[in-house]
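Beneath this line is the structure, given in structure tokens, with notes to follow.
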Amino acid sequence: MGGTEFLISAGLGALQAIQSVAASRDDAAASRQQADAAVAQAAADAFEKRRAIRRDLGRARARLGAAGVTIEGSPVEVLTDLAAEGELEARRIESEGAAAARGHLHRAGQARSQAGHALLQGVDGLVGDLAQANRALRTAE
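Here this note's numbering is used: position 126 in the sequence shown is 106, and no number is missing along the way.
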């Protein structure tokens, strides 16, 4: 191959490296957005769960009051248990959202690593092609 072919190869290799880096960075950004969305969705779901539990507890208190049951002893324990179960469910929702977010952030880190690797490979290929082009041009003289 002559010097010109090595220069063309160097340019094409650099273009491919740039495209690979851009694609990996786009993947990383998408994963970060998915992580943010997972956390936001979990927070909204947990908020809704807590609201539903408060509503259900209010209804239960109203029914107990309408039935003439005083809010002490066993009825209080039942209501307390319901509230605790609701809070546990809300925390489970938040925990699952955080776990999903960690998974997305891990994929973002992998994509960033791939971008760095692609960049290094591109630079290595470019340097090699330019060195070969230089040698070919010098021998052609």
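Ideal Cβ placement from N, Cα and C applies to all residues, glycine included.
Would you kindly work out how many angstroms separate the C-alpha atoms of residue i and residue j, rounded to a whole number?
i, j, result
"residue 110", "residue -10", "6 Å"
"residue 37", "residue 43", "10 Å"
"residue -5", "residue 20", "37 Å"
"residue 117", "residue 103", "21 Å"
"residue 55", "residue 30", "20 Å"
"residue 123", "residue 9", "Here the chain covers residues -19 to 121 and nothing more, so residue 123 does not appear."
"residue 106", "residue -12", "10 Å"
"residue 69", "residue 57", "18 Å"
"residue 115", "residue -15", "12 Å"
"residue 33", "residue 48", "22 Å"
"residue 64", "residue 46", "24 Å"
"residue 66", "residue 41", "16 Å"
Mapping DSSP to helix, strand and coil, what is residue i?
i, result
"residue 47", "coil"
"residue -9", "helix"
"residue 53", "coil"
Going by C-alpha distance, which of the options is nearest residue i?
i, options, result
"residue 7", "90, -15 and 73", "90"
"residue 88", "55, 69 and 11", "11"
"residue 13", "60, 82, 73 and 115", "82"
"residue -7", "55, 119, 69 and 100", "100"
"residue 17", "84, 107, 115 and 106", "84"
Taking all protein chains shown into account, decide if residue i is buried (16 or more other Cβ within 10 angstroms of its Cβ) or exposed.
i, result
"residue 53", "exposed"
"residue 113", "buried"
"residue -2", "exposed"
"residue 15", "buried"
"residue 120", "exposed"
"residue 22", "buried"
message = Three or more C-beta pairs under 8 Å: does that hold for the stretch 95 to 112 against the stretch -1 to 6?
response = yes
message = I want to know whether the stretch 21 to 41 touches the stretch 70 to 79 - three or more CB-CB distances under 8 Å.
response = Output reads yes: the stretch 70 to 79 touches the stretch 21 to 41.
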